[in-house]
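Chains A and B supply the protein sequences, listed in that same order.
This note's numbering applies: residue 1127 is where the first sequence begins, and numbers increase by one.
This note's numbering applies: residue 1127 is where the second sequence begins, and numbers increase by one.
C-beta atoms are modelled at their ideal positions from N, C-alpha and C, and glycine is treated no differently.
Note that the structure is predicted; figures quoted are calculated from it, not measured.
What follows is a short report on a single structure.
There are 2 protein chains.
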Amino acid sequence: MESNYSEKIQKIFKNENIDVGSMIQIISNGQAFEGLLMPRVSGDKNSIILKLKNGYNIGIEFNSSAKIKRLEEKSVDLGKFEKKKLEHDPKKPTILILHTGGTVASKVDYRTGGVVASFEPKELISLFPELQNIANIRSKLIRKMFSEDMRFEHFQILAREVAEECHNVDGIIIAHGTDTLHYSSAALAFMIENLPIPVMMIGSQRSSDRASADAGMNIICAAKFITETDFAGVAICMHGSSNDTYCNIFNPCKTRKMHTSRRDAFQSINDMPYARVWYKEDKIEFLKKDYLRKDKNRTIILKDGFENKVGLLKVYPGFDLGILKYFEKSKYKGLVLEGTGLGHAPINEIDEFTKINKDTLNTIKKLTKNGCVVVMASQTIYGRVGMNVYSTGRDLQEAGVIPGEDMHPETAYAKLKWLLGNFSKEETKKMIAKNLRGEINERSEPRTFPPSI
Amino acid sequence: MESNYSEKIQKIFKNENIDVGSMIQIISNGQAFEGLLMPRVSGDKNSIILKLKNGYNIGIEFNSSAKIKRLEEKSVDLGKFEKKKLEHDPKKPTILILHTGGTVASKVDYRTGGVVASFEPKELISLFPELQNIANIRSKLIRKMFSEDMRFEHFQILAREVAEECHNVDGIIIAHGTDTLHYSSAALAFMIENLPIPVMMIGSQRSSDRASADAGMNIICAAKFITETDFAGVAICMHGSSNDTYCNIFNPCKTRKMHTSRRDAFQSINDMPYARVWYKEDKIEFLKKDYLRKDKNRTIILKDGFENKVGLLKVYPGFDLGILKYFEKSKYKGLVLEGTGLGHAPINEIDEFTKINKDTLNTIKKLTKNGCVVVMASQTIYGRVGMNVYSTGRDLQEAGVIPGEDMHPETAYAKLKWLLGNFSKEETKKMIAKNLRGEINERSEPRTFPPSI
């Protein structure tokens, strides 16, 4: 598997008599690293992976001025590496890790050479050794899947697991792919009410064979937040800046993945994060005071229904009315429109090119008349819809469209699916624009909009 | 029309013998304002609108400690107000304003009491008197419409107008509703190549009867940028911060409305703004150097075709495969997928709930096999798709999906519509991920991601 390293690196390995399992030293940019050479499976062929003595894997970017040498004659059998005994410490709190997939707890399988999910406590602890100092770790494999494949059925499974386990442990960490983490967090927040303990959702933007791996810090910060604060409820714990200074604890309904690859890809939408957990300093700073407090005697309320016939549809210049008609013909029960600006859609007939617009308004009317709950959110993502400002918004409201306040489209969608799966249509209409789980802020704080560059 | 003010204000007006057209003084929060009382048509009933001596309308928020008194006995006939003679100054450059609608040049019509678009030069100059010091103003009404109603047919009309006029004037300002301004700017940037002059697109987030009206500053900054720099090409000029310090000059293909209502709602996506124009200081600062320079001898190239059968589709947990099949059955020629994360879609079969996912992949395969150009952009908005990192991305590429680099979905959509309207399918496939107008940056600059809060 050293053949997966670049040719340049392989040449040096050959010269220095280095194999996978060799203890080696790399001096690069004035820094020295010592550790076991790990096999390379995928990713950057110029990054050398070492297992350091503290148990961490690290990826070191190779440059031509780096010096590499073998330190010991004997190589380690990596297959037998990392067998540690786990002892339950009754003085420590217990955290349950529910693993669904994603890169957060993946590591190289030394037999197959593939990247596999680690879900056994001892494997997790060998990956993130600091966990053992913080809590007793239990773990459970839910799925091994990319989060883009997840459906509400999986969110439901997670909600049920949390409901079943939340009275047995002090906190739960859900390891989840980042792609749909914010859909999942919103769905969970609605499905589970009155949580006695904290449930932290974490993910990882960089795989563990890269120098910039973020899984370790996210899971450690989540564990620290669980054990050191009085917070209860669902939250997301992810990097808050592009370096390893702190994680943000995000509102599960007001957060969104806003970058394809950055470690601080998750951003608060129309809200402040609950708190920041500093990684190296022993500091947790709360930015909000209105959160649920831990209470072991509180009984969880699980409402895990959801309605499948709910859609999310963006309107845009030249959008195909046929799609809107598809929802109407398919007898959808709910639809979130991702409108433009303050919550608009092309419904006004102005000239020969906009004749179709009247049909758009009529189709929306038909949808609401036939019992579909239509909710407006904005594709601007930030801000609050304002459907009394222009005639377009007023006309849409007259057609039965309900303004979704300051919910971003994904949260409005998760909420509508959940409401229609647990309540009547009339109840849904009353509750959709009412704050239930911190998904709607009555007042917009200017500082919650990221400053323009 | 004073009846549209709040009851409290009306009472004071009655006591002070104040009518619309009266010259009055308001002392509020230690500041004194003098001007003609304007009628109020819509918006905040507690904001009093004065026409100041410099010609500007200002909205002053009323608070109970404010002092209001009438200054002169005679009221002004507002209907006859503002008749000024416009003289052409041959020493000044000439700017053409193309008006499409939106609040940017709307004002109260004193006869009907409604808000109407102002498009005659003299009316524009009475609204924004500083314009006259900067340039000779010509104006042309294209449409009076909300931008949410715009279609590519309108973008085409704008492109043709620009092509027709760009050799007659020194710069063009396009006044446009903000809802779809960034779709329109991207479409224009593609339709028009080799512009000899600057074409600035401006909008307004707040109507002119509010204290926070932004139209004036946006149009003045655009005019200053046109007359004081060597920039040529299409750009957006909008507030760069929440106060009146500067406007940003944005790349038409890498900018997006990111807030429903803030004046600095437009943000650069994966790019820096070209420049900042300070409003009160006499300063223009360039942040980028790679832009087209003015050249009166350059001949514009107009390619104004577009393909109507191009769609934009977001995937999300529980999305309806029927929509994807609709595009397939309707023989779409192009489709931009708004995928999750690095450019993913639910295509992997994991368990009994994800059986539908195989069908998703097959439908995508069918689309591309039948000649539809399918392009991936990310719903994270920021960042670059990376479809070689995970098997999902690789499988989608094998199914024929083309990674859209760091284009955000709206720009990828505008580009695909334009390419398929002017070039063959094969040419489109080659050009979609190649930079043509600054819509793709080869390198991602970390500072282009707004810092997390």
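Suppose only complete runs of 4+ residues qualify. What are the alpha helix (DSSP H) ranges in the stretch 1526 to 1567 of chain A, listed by chain order?
Counting only runs of 4 or more, we get 1535 to 1548, 1551 to 1557.
What would DSSP say about G1359 (chain A), mapped onto helix, strand or coil?
Strand, per DSSP.
Check the Cβ of N1434 (chain A) against every Cβ in chain B and list those closer than 8 Å, keeping chain order.
Ordered by position in chain B, the residues that pass the 8 Å Cβ test against N1434 (chain A) are G1444.
Indicate whether at least one CB of chain A lies closer than 7 Å to the CB of D1390 (chain B).
Yes, D1390 (chain B) counts as interfacial toward chain A.
Taking DSSP as the reference, what is the three-state secondary structure of N1262 (chain A)?
Strand.
Does any residue of chain B have a CB that is nearer than 7 Å to the CB of P1472 (chain A)?
Answer yes: the Cβ-Cβ gap between P1472 (chain A) and chain B drops below 7 Å somewhere.
Round the Cβ separation of D1390 (chain A) and S1578 (chain B) to the nearest angstrom and send it over; I've been treating them as touching at under 8 Å.
Going by Cβ atoms, the distance from D1390 (chain A) to S1578 (chain B) rounds to 5 Å, so yes, they are a contact pair.
Kindly identify the DSSP beta-bridge partner or partners of F1412 (chain B).
DSSP output for F1412 (chain B) lists B:A1401 as bridge partner(s).
Measure from the C-beta of I1410 (chain B) to each C-beta in chain A and report whether the shortest distance is under 7 Å.
With 7 Å as the cut-off, I1410 (chain B) does not count as an interface residue toward chain A.
Starting from the Cα of N1259 (chain A), find the closest Cα among A:S1265, A:P1219, A:C1292, A:E1274 and give me that residue.
Nearest option by C-alpha distance: A:P1219.
With DSSP as the reference, label Y1236 (chain B) as helix, strand or coil.
Annotation note: pLDDT 44 at Y1236 (chain B) (below 50); position unreliable, coordinate value reported separately. DSSP places Y1236 (chain B) in coil when its eight states are reduced to three.
Between the Cα of K1538 (chain A) and the Cα atoms of A:V1325, A:L1438, A:V1527, which residue gives the shortest distance?
The sequence given here places Ala at residue 1538 (chain A); Lys does not occur at that position. The residue with the shortest Cα to Cα distance from A1538 (chain A) is A:L1438.
What is the rounded straight-line gap between the Cα of K1551 (chain A) and the Cα of E1319 (chain A)?
Rounded to whole angstroms, K1551 (chain A) to E1319 (chain A) spans 21 Å at the Cα level.
Please go through the same chain and pick out, in chain order, the residues whose beta-carbon is closer than 6 Å to the beta-carbon of V1295 (chain A), but skip the five residues on each side of it.
Once the five neighbours on either side are set aside, the close Cβ partners of V1295 (chain A) are T1220, L1222.
Would you say Q1282 (chain A) reaches chain B, if we count a Cβ-Cβ gap shorter than 7 Å as a contact?
Closer than 7 Å: no.
Residues of the stretch 1266 to 1281 of chain A with a CB closer than 9 Å to any CB of chain B: list them in chain order, please.
The residues in question are R1269, K1270, M1271, F1272, S1273, E1274, D1275, M1276, R1277, F1278, E1279, H1280, F1281.
Is M1164 (chain A) helix, strand or coil by DSSP?
It is coil, neither helix nor strand.
If the cut is a Cβ gap below 8 Å, which residues of chain B does I1528 (chain A) touch?
None at all; the shortest Cβ gap to chain B is about 16 Å.
Just to make sure I have the definition right: I need the residues of chain A whose C-beta is within less than 8 Å of the C-beta of L1438 (chain B). Which are they?
Correct list: K1440, Y1442, F1445.
The stretch 1511 to 1535 of chain B: which residues have C-beta closer than 9 Å to a C-beta of chain A, in chain order?
The stretch 1511 to 1535 of chain B vs chain A, Cβ under 9 Å: V1511, G1512, V1515, Y1516, S1517, T1518, D1532, P1535.
Under 7 Å Cβ-Cβ, which residues of chain A neighbour G1359 (chain B)?
Residues of chain A passing the Cβ test: none, with the nearest at roughly 20 Å.
Just to make sure I have the definition right: I need the residues of chain A whose C-beta is within less than 7 Å of the C-beta of P1219 (chain B). Which are they?
Residues of chain A passing the Cβ test: none, with the nearest at roughly 29 Å.
For I1427 (chain A), count neighbouring Cβ atoms within 10 angstroms of its own Cβ and tell me buried if that reaches 16, exposed if not.
The residue is exposed, with fewer than 16 neighbouring Cβ atoms inside 10 Å.
Helix, strand or coil for F1159 (chain A) per DSSP?
Strand at F1159 (chain A).
Taking a contact to mean a Cβ-Cβ separation below 7 Å, would you say G1359 (chain A) touches L1321 (chain A) in this structure?
A contact, by the Cβ cut-off of 7 Å.
Taking V1325 (chain A) as the reference, give the member of A:A1339, A:H1293, A:T1304, A:G1530 with the closest Cα.
Of the candidates A:A1339, A:H1293, A:T1304, A:G1530, the one whose C-alpha sits nearest the C-alpha of V1325 (chain A) is A:H1293.
Could you check whether the Cβ of S1394 (chain B) sits closer than 7 Å to any Cβ belonging to chain A?
So, interface residue.
Which residues mark the beginning and the end of the beta strand (DSSP E) in which P1324 (chain B) is found?
Element bounds for P1324 (chain B): 1324 to 1328.
Go through its chain and collect everything with a Cβ distance to F1207 (chain A)'s Cβ below 7 Å, but skip five positions before and after it.
For F1207 (chain A), the predicted structure reports a pLDDT of 48, less than 50, and the residue's modelled location is therefore unreliable. The matter cannot be settled from this model.
Keeping to the same chain, check which residues put their C-beta closer than 7 Å to that of L1487 (chain B); ignore five residues upstream and five downstream.
For L1487 (chain B), where only same-chain residues beyond five positions count, the Cβ hits under 7 Å are I1473, D1521, A1525.
Applying the criterion that 16 or more other CB atoms from any shown protein chain within 10 Å of the CB defines a buried residue, is T1425 (chain B) buried or exposed?
With fewer than 16 Cβ atoms within 10 Å of its Cβ, T1425 (chain B) is classed as exposed.
Does any CB atom of chain A fall closer than 7 Å to the CB of K1383 (chain B)?
Judged by the 7 Å Cβ criterion, K1383 (chain B) is in contact with chain A.
Cα-Cα, which of B:W1404, B:E1133, B:C1379 is closest to I1395 (chain B)?
Among B:W1404, B:E1133, B:C1379, the Cα nearest to that of I1395 (chain B) is on B:C1379.
Please classify N1483 (chain B): is it buried, with 16 or more other beta-carbons within 10 angstroms of its beta-carbon, or exposed?
So N1483 (chain B) counts as buried.
On the three-state DSSP scale, how would you describe E1287 (chain A)?
If DSSP states are grouped into helix, strand and coil, E1287 (chain A) belongs with the helices.
So, with DSSP's three-state summary, where would you put I1268 (chain A)?
I1268 (chain A) falls in the coil class under three-state DSSP.
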